[in-house]
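Colleague: Please read through the structure below; I'll follow up with questions.
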Ligand SMILES: [Zn+2]
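Numbering (this note's numbering), first residue to last: 16 to 189.
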């Protein structure tokens with residue numbers, strides 16, 4: 016059980032990679048899009064921003080919407096960037112509903128270290144699916160890093176649901 020669980024919970028390549036970026040003091044959100052989607056766990060690449068699985072998720076399916084440009088403030092975002100990020104937040108909620116049927120969502124932005132921003136120089140939106148009792152589940156497991164579903168497993172489900180929804184939207188447009 017222990018071994019199997021450990022393998023399920025980690026994407027070792029990404030863990031090592033993020034640790035390396037941290038140690039080199041590089042910005043993880045500038046680095047992630049330079050790699051393949053599978054390596055960086057990018058769900059979707061927009062024109063101005065991308066959607067990626069959080070490496071340190073609060074919950075299964077915790078997504079981040081990140082602009083390609085390294086900017087730290089909402090006011091630094093162009094209107095185009097900001098609007099696309101908002102559209103991707105909305106799309107992320109739709110995709111997560113289809114994939115995991117959560118009971119609710121937390122959506123937000125942490126600006127500055129005091130607010131808990133892990134990468135304060137590069138702004139990003141959080142979309143966190145919530146289930147009734149999920150906080151209790153995490154408390155029982157005894158670690159906020161322990162999740163009911165592996166990052167990789169969640170990634171493949173979300174990636175395929177995202178494609179389904181995009182295809183539906185394109186079909187409606189024609
Ligand atoms: Zn950056």
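All residues carry an ideal CB built from backbone N, CA and C; glycine is no exception.
This structure is a prediction, so every number in the text was calculated from the model and none was measured.
Looking only at its own chain, which residues have a Cβ that is under 8 Å from the Cβ of residue 15, when we skip the five neighbours before and after it?
Modeller: Summary: the structure shown does not reach residue 15, with the chain confined to residues 16 through 189, and so no result is reported for it.
Colleague: Straight-line CA distance for residue 50 to residue 100?
Modeller: Walking along the chain shown from the start, residue 50 turns up at place 35. Walking along the chain shown from the start, residue 100 turns up at place 85. About 21 Å.
Colleague: For residue 60, count neighbouring C-beta atoms within 10 Å of its own C-beta (all shown protein chains included) and say buried if the count is 16 or more, exposed if not.
Modeller: Locating residue 60 in the chain shown gives position 45, where the first residue counts as 1. Answer is exposed; the Cβ neighbour count stays below 16.
Colleague: Identify every residue that forms a DSSP beta bridge with residue 121.
Modeller: By 1-based counting over the chain shown, the position of residue 121 is 106. The partner list for residue 121 (beta bridge, DSSP) reads 143.
Colleague: Answer with buried or exposed for residue 186, where buried requires no fewer than 16 other C-beta atoms within 10 angstroms of its C-beta.
Modeller: Indexing the chain shown from 1 puts residue 186 at position 171. Exposed, because fewer than 16 other Cβ atoms sit within 10 Å of the Cβ of residue 186.
Colleague: When you compare only the Cα positions, how much space is there between residue 98 and residue 131?
Modeller: For this step, residue 98 is matched to residue 83 along the chain shown. For this step, residue 131 is matched to residue 116 along the chain shown. Taking the straight line joining both Cα atoms gives about 24 Å.
Colleague: Less than 6 Å between C-beta atoms, sequence neighbours within five positions excluded: which residues of the same chain meet that for residue 146?
Modeller: Looking up residue 146 in the chain shown gives position 131. The residues are 117, 118.
Colleague: Whole angstroms is fine: what's the gap from residue 128's alpha carbon to residue 166's?
Modeller: Residue numbering aside, residue 128 sits at position 113 when the chain shown is read from its first letter. Residue numbering aside, residue 166 sits at position 151 when the chain shown is read from its first letter. Distance between the alpha carbons of residue 128 and residue 166 is about 25 Å.
Colleague: By DSSP, does residue 166 sit in helix, in strand, or in coil?
Modeller: What you label residue 166 is simply residue 151 of the chain shown in a count that begins at 1. Looking at residue 166 - three-state DSSP - the assignment turns out to be helix.
Colleague: Quick check: is any heavy atom of ligand 1 less than 7 Å from the C-beta of residue 136?
Modeller: Position 121 of the chain shown, counted from the first residue, corresponds to residue 136. Indeed, a heavy atom of ligand 1 lies less than 7 Å from the Cβ.
Colleague: Can you check which of these residues, 39, 140, 34, 182, is closest to residue 102 by C-alpha distance?
Modeller: For the purposes of this step, residue 102 is taken as residue 87 along the chain shown, with counting starting at 1. The shortest C-alpha separation from residue 102 is found at 140.
Colleague: Measure the beta-carbon distance from residue 44 to residue 134 and round it to whole angstroms, keeping in mind my assumption that it falls under 8 Å.
Modeller: Here residue 44 refers to the residue found at position 29 when the chain shown is read from its first residue. Here residue 134 refers to the residue found at position 119 when the chain shown is read from its first residue. Contact flag correct, Cβ pair sits at about 6 Å.
Colleague: Let me make sure I understand the geometry here. Which of 64, 181, 72, 90 has the alpha-carbon closest to that of residue 126?
Modeller: Translated into the one-based positions of the chain shown, residue 126 becomes position 111. Nearest option by C-alpha distance: 90.
Colleague: Where does residue 148 land, buried or exposed, given buried means 16+ other C-beta within 10 angstroms?
Modeller: Counting from one through the chain shown, the residue named residue 148 turns up at place 133. Per the 10 Å Cβ criterion, exposed.
Colleague: If I measure Cβ to Cβ from residue 107 and keep anything under 7 Å in the same chain, skipping five residues before and after, which residues do I get?
Modeller: Locating residue 107 in the chain shown gives position 92, counting from the first residue. Result list for residue 107: 66, 78, 80, 142, in chain order.
Colleague: Which one or two residues does DSSP pair with residue 60 in a beta bridge?
Modeller: Within the chain shown, residue 60 is the residue found at index 45, counting from 1. Beta-bridge pairing links residue 60 to 65.
Colleague: Consider the C-beta atom of residue 85 and the heavy atoms of ligand 1; say whether any pair is separated by less than 7 Å.
Modeller: Position 70 of the chain shown, counted from the start, is the residue given in the question as residue 85. Correct: residue 85 has its Cβ closer than 7 Å to ligand 1.
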